[in-house]
Structures are given as structure tokens and as C-alpha cells.
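Student: For the sequence shown, UniProt numbering puts the final residue at 287, and the numbers step up evenly by one. Glycine is no exception: its CB is placed at the ideal position from the N, C-alpha and C atoms. From a predicted model like this one, the values you see are computed outputs, not experimental measurements. Below you will find the structure I want to go over with you.
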Amino acid sequence: RRRVRTVHLQQWKAEGKRWAMLTSYDQYTAQIFDEAGVPVLLVGDSAGNNVFGYETTLPVTVDEMIPLVRAVSGAVRYALVVADLPFGSYQRDPQQAFDTAVRMMKEGNAHAVKLEGGAEMAPTVKLLTQAGIPVVAHIGFTPQSEHALGGYRVQGRGEAGSELVDDALALQDAGAFALVMEMVPAPVAATITAKLSIPTVGIGAGAECDAQVLVWQDFAGLRGGKQARFVKKYADLRSILIAAATAYREDVESGAFPAPEHGFDS
Ligand code: KIV
Ligand code: NA
């Protein structure tokens, strides 16, 4: 397989070819998903919840993100690696966004960055893309704005749907090469997907998007507790690891591990 570039994603859009995206925050999952042929990996600021154990993505810093981005970029041979810009690291003005994106590219070896927001982010997207930094936009439910949006809720219902269409077009015009839509009514996401020439990536945005994204700890069942409606669990790693850790603990307690072959002769 040849390394995935943004031009391939544009080709796939034109061909109507669908593709999958997963989050990754470390070397082994990056290697594994890359080997499985997942063409785009996102080092999401969902690392806040899924790696660092914060309640939201808001506390995540650029300094926390960069080592994760470097680990993922260093592990892939095929996949395009997108790094999220964390809350507060790009919203002040386009220059701040530029400085943060440059750090993600230089220190993290990211291939692209992602940022949240609608038409108001167009000048920022424009500055980055003009500087040679590929940008993924993210609209609908944008977790960094959780407190302003009043919690986890579907965005773009009713009248607000046409506003999302305008946001999508503005972000495309500004140069974004893909658009994530999170928790958007399926018909609105379908309309936007049909209107855009860049690929749309859905998460809780229906089946008509060009691509889909899931958080890996959700899709692989590592995380316990209730799943969001838009998650499909493709494995139950949590049960597998609980069984393995229990078996190991019991073997150590009983003396069954280590066996002679795990040790060294004199
Ligand atoms: O941080 C993240 O994981 C994301 C995806 C859910 C799109 O932004
Ligand atoms: Na994110």
C-alpha cells in the first residue's frame, strides 16, 4: 500500500469510495490499525477522556498531545495522521492556531491537524492551508464547546440545519480537506455530503457520510460503562484483558507461573 495523502481522499470522494477512520494515541494501536488498512488515524483530544482519564477533552494541553502524536506518526507506514488542536490552543486568533499547528507538524510529525468550529474558523483554516498545513474541520457537536452547547446533544436539528450547511461550505471554501460531523441528524449530514467536494467524516451523523470515525477504546470495547448511541463495539477487549489479568494473578498466587522455561539455568 502507498502512503495515504490528502489527494487520495479527494479521489475517493470523486469515486464514491467510503473509508474508515479510528483514533489512536500510541505506537501499537497505530501499527495495528495501519496494518488493518485504516487509511486515516486521528490523535484526538479525546485522549483527555480515553488516555488521561479527564472528565472532558477541555484540560488536554498541546504538551500532552505532542508525544502521543509523535508515537502514532512514528508507527504508521500507510495511514495519514491527523492531530487535534486542543481547547484554547487555536481559538484566540489565526496566528495562535498557526503556532499550535506548526508545533503539531514539527514536534509531533503530524500530517494534518483538526480543529472545531463553523464559519467563524474559516480565516484560521485559510491561514493554515495557505501555509501548507492540511486541515480537517469539525462541526455539529463539538466537545470543546460542551459547556456553551449545554451538554452532549445533537446539533443542527430544524432551523439550525441550514446553518450547518453554511458552515460546511465556508470551511470547504477556506481550504479544509475533510469535514468531521459529530451528532448531526442523518438527513442534514447527507445534504452536506452531497453539496461538498471534500469528504465528510461522520460520528453519529448517519450512513451517507463519505467516511466514519470512532474512538478506538469504544469500538474495541476497552472502555466499560454505557456506550454512546453512535458506537458499534467490534471487540470486547475489556473482558479479554480482565480474563488475562485474572489468570496471571491466579497463576502467580498458585505458583503455576513462572514455569522452568521462563527462567534461566546457572
Ligand atoms: O477527539 C476525537 O476523538 C474526535 C473524534 C471523535 C472526531 O474529535
Ligand atoms: Na476531538
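On the three-state DSSP scale, how would you describe ILE160?
Tutor: On the sequence shown, residue 160 is found 139 positions in, with the first residue counted as 1. In the structure shown, ILE160 sits in a strand (DSSP, three-state: E or B).
Student: Can you list, in chain order, the stretches of the beta strand (DSSP E) that have 3 or more residues and sit fully within the segment 176-257?
Tutor: DSSP runs (the beta strand (DSSP E)) wholly in the segment 176-257: 199-203, 221-224, 232-235.
Student: With hydrogens ignored, establish whether the beta-carbon of GLY65 is closer than 6 Å to any heavy atom of the ligand NA.
Tutor: On the sequence shown, position 44 is the one that residue 65 refers to. The answer is yes for GLY65.
Student: Between ILE160 and the ligand KIV, is the CB less than 6 Å from at least one heavy atom?
Tutor: To locate residue 160, count along the sequence shown from 1; it is residue 139. No, the ligand KIV has no heavy atom inside 6 Å of this Cβ.
Student: What's the gap between the Cα of residue 5 and the Cα of GLY246?
Tutor: Residue 5 lies beyond the range of the chain shown here (22 to 287); nothing can be said about it.
Student: May I ask whether a heavy atom of the ligand KIV can be found less than 6 Å away from the beta carbon of ASP257?
Tutor: The count along the sequence shown starts at 1 and reaches residue 257 at position 236. No, Cβ of ASP257 sits at least 6 Å from all heavy atoms of the ligand KIV.
Student: Apart from the five residues just before and just after VAL97, which ones in its own chain have a Cβ nearer than 7 Å to its Cβ?
Tutor: Here residue 97 is taken as the residue at index 76 of the sequence shown, counted from 1. The residues are ALA51, ASP55, LEU62.
Student: Quick one: which unbroken alpha helix (DSSP H) runs of 4-plus residues sit fully inside the segment 92-178? Chain order, please.
Tutor: Counting only runs of 4 or more, we get 115-127, 143-151, 167-170.
Student: Count the other CB atoms, across all protein chains shown, that sit within 10 Å of the CB of ARG124; report buried if there are 16 or more and exposed otherwise.
Tutor: Reading the sequence shown from its first residue, position 103 is the one you call residue 124. ARG124 is buried by the Cβ-count criterion.
Student: Would you check if the distance between the CB atom of GLY196 and the CB atom of VAL146 is smaller than 7 Å?
Tutor: Locating residue 196 in the sequence shown gives position 175, where the first residue counts as 1. Locating residue 146 in the sequence shown gives position 125, where the first residue counts as 1. Yes, the Cβ-Cβ distance between GLY196 and VAL146 is below 7 Å.
Student: With DSSP collapsed to three states, give me the class of LEU262.
Tutor: Against the sequence shown, residue 262 aligns to sequence position 241. Helix at LEU262.
Student: Rounded to whole angstroms, what is the Cα-Cα separation between ARG259 and MET202?
Tutor: Taking the first residue of the sequence shown as 1, we reach residue 259 at position 238. Taking the first residue of the sequence shown as 1, we reach residue 202 at position 181. Each residue's Cα considered, the two are about 28 Å apart.
Student: Rounded to the nearest angstrom, what separates ALA57 and TYR99 at their Cα positions?
Tutor: Counting from one through the sequence shown, the residue named residue 57 turns up at place 36. Counting from one through the sequence shown, the residue named residue 99 turns up at place 78. ALA57 and TYR99: Cα-Cα distance of roughly 10 Å.
Student: By the three-class DSSP mapping on this structure, what secondary structure does THR44 have?
Tutor: Residue mapping note: residue 44 aligns to position 23 of the sequence shown, counting from 1. Three-state DSSP puts THR44 in a strand.
Student: Nearest-angstrom Cα distance between GLU282 and GLY276?
Tutor: Position 261 of the sequence shown, counted from the start, is the residue given in the question as residue 282. Position 255 of the sequence shown, counted from the start, is the residue given in the question as residue 276. In a straight line, the C-alpha of GLU282 is about 14 Å away from that of GLY276.
Student: Taking only the alpha-carbon atoms, compute the straight-line gap between VAL223 and PRO80 and give it to the nearest angstrom.
Tutor: On the sequence shown, residue 223 is found 202 positions in, with the first residue counted as 1. On the sequence shown, residue 80 is found 59 positions in, with the first residue counted as 1. As written in the sequence, residue 223 is Gly, which differs from the Val given in the question. Cα to Cα, GLY223 sits roughly 25 Å from PRO80.
Student: My guess is that PRO206 and ARG244 are in contact by the Cβ rule of under 8 Å, so how many angstroms apart are they, rounded?
Tutor: Counting from one through the sequence shown, the residue named residue 206 turns up at place 185. Counting from one through the sequence shown, the residue named residue 244 turns up at place 223. Not really, about 26 Å apart at Cβ, beyond 8 Å.
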